[in-house]
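Engineer:
There are 2 protein chains.
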Amino acid sequence: MGRSSVGITLLGCGTVGGGVVNVLLKQRDLLKQRTGIDFVLKHVVVKSKEEYPPNAAELPMSLDANAAIDDDASDIIIELIGGAGVAFTFVERALKLGKPVVTANKALLAARGADLFKLAREKNTCIAFEASAGGGIPIIDVLQRGLVANRVDALLGIVNGTCNFILSQMSQKGWSYDQALKEAQAQGFAEANPTMDVSGRDSAQKLAILASLAFNVRIDEADIHLEGIDKLNAADIKFADELGYVVKLLAIAERAGIGDRVSGIEDAAKPDTRHPIPDAVSLRVHPTLVHKSDLLAQVSGSFNAISFFGHALGHALFYGRGAGRMPTASAVVSDVIGVALGTTLEQFRRLNVFFDQTPRATVQPFDGLRSRYYLRLTAKDQPGVLAQVTKVLGDQNISIASFVQHESAQGAGPVPLVLTTHDAREGAIQAALSQIDALDPITAPSVCLRIIDQPKEFAA
Amino acid sequence: MGRSSVGITLLGCGTVGGGVVNVLLKQRDLLKQRTGIDFVLKHVVVKSKEEYPPNAAELPMSLDANAAIDDDASDIIIELIGGAGVAFTFVERALKLGKPVVTANKALLAARGADLFKLAREKNTCIAFEASAGGGIPIIDVLQRGLVANRVDALLGIVNGTCNFILSQMSQKGWSYDQALKEAQAQGFAEANPTMDVSGRDSAQKLAILASLAFNVRIDEADIHLEGIDKLNAADIKFADELGYVVKLLAIAERAGIGDRVSGIEDAAKPDTRHPIPDAVSLRVHPTLVHKSDLLAQVSGSFNAISFFGHALGHALFYGRGAGRMPTASAVVSDVIGVALGTTLEQFRRLNVFFDQTPRATVQPFDGLRSRYYLRLTAKDQPGVLAQVTKVLGDQNISIASFVQHESAQGAGPVPLVLTTHDAREGAIQAALSQIDALDPITAPSVCLRIIDQPKEFAA
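Top line first, the protein sequences correspond to chains A and B.
Every letter in the first sequence is one number past the one before it in the numbering used here, and letter 162, counting from 1, is 142.
Every letter in the second sequence is one number past the one before it in the numbering used here, and letter 450, counting from 1, is 430.
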């Protein structure tokens, strides 16, 4: 933009909006000193006077989003309304006027991202969306800049603070899912209706954004295999702990066939014949057993972390607050600065990594996933059960890595049999489980969770 | 730059240079697809034919750096020679021609950074230096972009992989410093002369770069209190482990007075009256006891990690390989791309965070440091020792947090007394230690290490 003063219009002033107002007003001198730009809040738009923030009297409040967007003094539009309804209308209006938009709205990007990016491109403006995934962690900018020389092998992480808070409580306090959810709601980490979070949908929307940028393909939410945390049983968290694992809800995007995530770097100087766009990407969100020695296992409470595996860099990890008023404001305001400096537009114009330019992803069928597995069977305490179970697994070519059966009083009723497998195919595991669950001594549906191993060291 | 083809001249082709050649040649298609730019290697300059890389026959080798720099086909100069000698001459020559320079040379930046930045600015070009600190971790770009909305409270981390490898070996295998150093040398993680690394100087040079950008002040290497790992005793690593800590060489920059690193965010919308430039910065590199629950304690082997504390984001951490052929090449090539896209120049021109523009740092005298301490005294096993020691500490207003004395056979000779303190001032600790070491029952100089606590949760 090259201006020394930039007018900001903020659409929506809830939790994150309040944080953005705080940073823009309270750090105005710091931002001016660092960037040479005076960021001036021109309009703060809410739907009705009931939504006025406590300090509304000191702010340029407005109820007319269209007028605020159209105002010549509005150079950058920040959209913090959420959802794909009016937010879409307002973002579209701003872009049609050639005004850059900063948004934290992952639902909007998941639903209409490609259309909006296309429109922005036609109008020679841009959309900045750092706060749409990873909260305050600048992962979206890092994928476009610091990591851009890497052919990406995998990107996986904890991208939903609500689920991580609930799982941390279950793990640390031995609570049930329901107890932990109630605590999360009481502490403000979960909404009254927590479905978007606990079902894994929020994680899937974020993964779609991150993996699209990393793999240079367009990924829709529907491409992602989804399992939430709402069916998790405290017993499995306890058994996982005993085996040396922590259960985390991971969002995972892997170049299909990477499996153990070892990258081969050849010494010859001839070009890498592997195309940067992978043949297929494995995309999934599910509760995962993470080994305690993995940094991801140490990510507690509402924090997020994203592990990245690139052909040159190897393993890197980015950790920080994935939500909240001030951390999200940190990301939104950094976007505002990038837009004002002109660097965001330049990246948006020049890099071919955005949803509207890249081909649709080829998604690896979930059946074909290669992973290690944790299985918990519930069986009558009678002779021959193990023989029946291991025969089914053997027939499916599934190899057992460990087995746990705790001693119980004779005749005490069904007992849990816990086992982990070596690498197996999802299809084989599911076939084996439906056979196992049909066995007479098995009294309840078996539980199946996936294990992710510590990444092997990178041979660079 | 806006060109579709960009000519690259590489000065120096050792380990990292070889990695850069690898990425530029083997990922040429990937880079072109992502950026729209064809990066073409024009000259690979080494000092003599003895330094030719194995694949020299396929490369545009040259022995004439000046001619290579001057060549109109050389759009970007990558300097990987190291040191502040000829590297300075060549970088200066490139900048005088208005050609942007990408460098990994922290020693050059530490010695002549401000001069070179000034020259670049005069010639309307830029210096990119992502690989000069944190290796493949894109921390330098992140400080200028994703974190730029934060008033920084602290930046601290593990920035030397050699030291971290040695300390990991000592900790995991119970080895002495000498044993661990030999292993590091055998595995290629330490040089034949390891002084730059183990003395902490390499960490201090990196800290000078990172803290300058974070705090918007100019920091010289000499501003940084320096203690290396070469005097570390295996016994202290063992006692630290017993107390719940891991010993890491940390590079630490803190807003003086932050102490426990709690940031206060007021709710009122009035501007923050605290100036973005802190009154004083505490700057130090020393072995540090890090609690096992801190992510930094989990950073093993040659990995690096940097913890960041900002007023809006709170705690964030960036982890990855801090050195090595391909990880460093990842950073160098990302700089090449940023320069070619024009975004690096725009940031360099517009942001007021670089050494040549910012005021000299006000450095907190080391005496004034407020920290917790680990002390190991060596005393004759006789009555009254503890009374004498605790009197000295009490007189200096130093409060003991924990105390360990293992049982020993009577008359077995001097015994170690280990204690940790609550928050105390460095000056008081040093005064107490010189009194303690003068006590008759104390038979050897006492060991003093600093403890860094888990950051308190951020109240955003």
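Yeah, the Cβ is synthetic: ideal placement off N, Cα and C, and Gly gets one too.
Compute the Euclidean distance between the alpha carbons of R350/B and I432/B, then round it to the nearest angstrom.
Structural biologist: The alpha-carbon atoms of R350/B and I432/B are separated by roughly 11 Å.
Engineer: Just list the residues that DSSP pairs Y225/A with in beta bridges.
Structural biologist: Answer is H271/A.
Engineer: So R301/B is in the beta strand (DSSP E); what residue range does that whole segment cover?
Structural biologist: 294 to 301 is the extent of the beta strand (DSSP E) around R301/B.
Engineer: Report the three-state DSSP secondary structure of A424/A (helix, strand or coil).
Structural biologist: It is a strand residue.
Engineer: Roughly how many angstroms separate the alpha carbons of F145/B and S282/B, rounded to a whole number?
Structural biologist: In a straight line, the C-alpha of F145/B is about 5 Å away from that of S282/B.
Engineer: Taking 8 Å as the threshold, find out whether the region 213 to 220 of chain B comes into contact with the region 181 to 194 of chain B through three or more Cβ pairs.
Structural biologist: The answer is no - the region 181 to 194 of chain B does not touch the region 213 to 220 of chain B, with fewer than three Cβ pairs under 8 Å.
Engineer: Give the residues of chain A in contact with D433/B, contact being defined as C-beta atoms less than 9 Å apart.
Structural biologist: Result: empty, since nearest Cβ-Cβ is about 16 Å, beyond 9 Å.
Engineer: Taking beta-carbon pairs under 8 Å, can you tell me which members of the region 106 to 139 of chain B lie near chain A?
Structural biologist: So the close ones are E110, G116, I117, P118, D121, V122, R125, G126, L127, V128, A129, N130, R131.
Engineer: What residues of chain B sit near T15/A, judged by a beta carbon separation below 8 Å?
Structural biologist: By Cβ distance, chain B contributes V128, R330, L331, N332.
Engineer: Quick one: any contact between the region 102 to 109 of chain B and the region 80 to 90 of chain B, if contact means 3 or more CB pairs under 8 Å?
Structural biologist: Yes, the region 102 to 109 of chain B touches the region 80 to 90 of chain B.
Engineer: Taking buried to mean at least 16 other C-beta atoms within 10 Å of its own C-beta, is R(-17)/B buried or exposed?
Structural biologist: Classification of R(-17)/B: exposed, given that the 10 Å Cβ count is below 16.
Engineer: Judging by CA-CA distance, which residue of L429/B, E30/B, A48/B, T342/B is the nearest neighbour of H471/B?
Structural biologist: No answer is possible for residue 471/B: it lies beyond the span of chain B, which begins at -19 and ends at 440.
Engineer: Can you check which of these residues, L357/B, Q7/B, G304/B, is closest to Q460/B by C-alpha distance?
Structural biologist: In the structure as shown, chain B starts at -19 and stops at 440, and residue 460/B therefore has no counterpart that could be examined.
Engineer: Helix, strand or coil for A129/A, going by three-state DSSP, please let me know.
Structural biologist: The answer is coil: DSSP assigns A129/A none of H, G, I, E or B.
Engineer: With 16 as the cutoff for other CB atoms within 10 Å, does G393/A come out buried or exposed?
Structural biologist: Under this definition G393/A is an exposed residue.
Engineer: Let me see if you follow: with CB-CB separation under 8 Å, is Q327/B close to chain A or not?
Structural biologist: Yes, its Cβ sits closer than 8 Å to a Cβ of chain A.
Engineer: Please return the same chain residues whose Cβ sits closer than 7 Å to the Cβ of D247/B, not counting the five positions on each side in sequence.
Structural biologist: The pLDDT assigned to D247/B is 37, lower than 50, so where the model puts this residue is not dependable; a value taken from the coordinates is nonetheless given after this. Excluding sequence neighbours, D247/B sits near nothing in its chain.
Engineer: By Cβ distance below 6 Å, which residues in the same chain neighbour Q368/B in space, the five residues on each side in sequence not counted?
Structural biologist: Taken in chain order, the residues that qualify are L419.
Engineer: Can you tell me whether DSSP reads L263/A as helix, strand or coil?
Structural biologist: The answer is strand: DSSP assigns L263/A an E or B state.
Engineer: H386/A: buried (16+ other C-beta within 10 angstroms of its C-beta) or exposed?
Structural biologist: The residue is exposed, with fewer than 16 neighbouring Cβ atoms inside 10 Å.
Engineer: Between A292/A and V3/B, is the Cβ-Cβ spacing less than 8 Å?
Structural biologist: Yes, these two residues count as a Cβ contact at 8 Å.
Engineer: How is G114/B classed by DSSP in three states: helix, strand or coil?
Structural biologist: Three-state DSSP puts G114/B in coil, outside helix and strand.
Engineer: Measure the beta-carbon distance from V(-14)/A to I56/A and round it to whole angstroms, keeping in mind my assumption that it falls under 8 Å.
Structural biologist: Contact flag correct, Cβ pair sits at about 6 Å.
Engineer: Provide the residue(s) that pair with E326/B in DSSP beta bridges, ordered along the chain.
Structural biologist: In DSSP, E326/B forms no bridge with anything.
Engineer: Between Q337/B, S183/B, F70/B, which has its C-alpha nearest G208/B's C-alpha?
Structural biologist: Answer by Cα proximity: S183/B.
Engineer: What is the rounded straight-line gap between the Cα of L187/A and the Cα of F97/A?
Structural biologist: In a straight line, the C-alpha of L187/A is about 18 Å away from that of F97/A.
Engineer: Mind checking if Y353/A is an interface residue toward chain B, Cβ cutoff 8 Å exclusive?
Structural biologist: No, Y353/A does not count as interfacial toward chain B.
Engineer: Please check if any C-beta of chain B sits within less than 8 Å of the C-beta of A309/A.
Structural biologist: Closer than 8 Å to some Cβ of chain B, the Cβ of A309/A qualifies, so yes.
Engineer: Run the CB neighbour count on R340/A, radius 10 Å, all protein chains shown included, and call it buried at 16 or more, exposed below.
Structural biologist: Exposed, by the Cβ-count rule.
Engineer: By Cβ distance below 7 Å, which residues in the same chain neighbour G93/B in space, the five residues on each side in sequence not counted?
Structural biologist: Excluding positions up to five away in sequence, the list reads F335.
Engineer: Leaving out five residues before and five after R101/B in sequence, what residues of the same chain have Cβ atoms less than 7 Å from its Cβ?
Structural biologist: D336, listed in sequence order.
Engineer: Would you tell me roughly how many angstroms separate the C-alpha atoms of N284/B and I422/A, rounded to the nearest one?
Structural biologist: If I take the Cα positions, the gap works out to 49 Å.
Engineer: Distance check for K228/A and R430/A, CA to CA, integer angstroms please.
Structural biologist: Answer to the nearest angstrom: the Cα atoms are 10 Å apart.
Engineer: Is M306/A close to chain B? Criterion is C-beta to C-beta, closer than 8 Å.
Structural biologist: By this cut-off, M306/A is an interface position.
Engineer: Taking C-beta pairs closer than 9 Å, name the residues in chain B that G294/A reaches, listed in chain order.
Structural biologist: Going along chain B in sequence order, the residues near G294/A (Cβ under 9 Å) are G116, G300, R301, G304, M306, P307, S310.
Engineer: So, I378/A versus I416/A, is the Cβ gap smaller than 8 Å?
Structural biologist: Their beta carbons are not under 8 Å apart, which means I378/A does not touch I416/A by this criterion.
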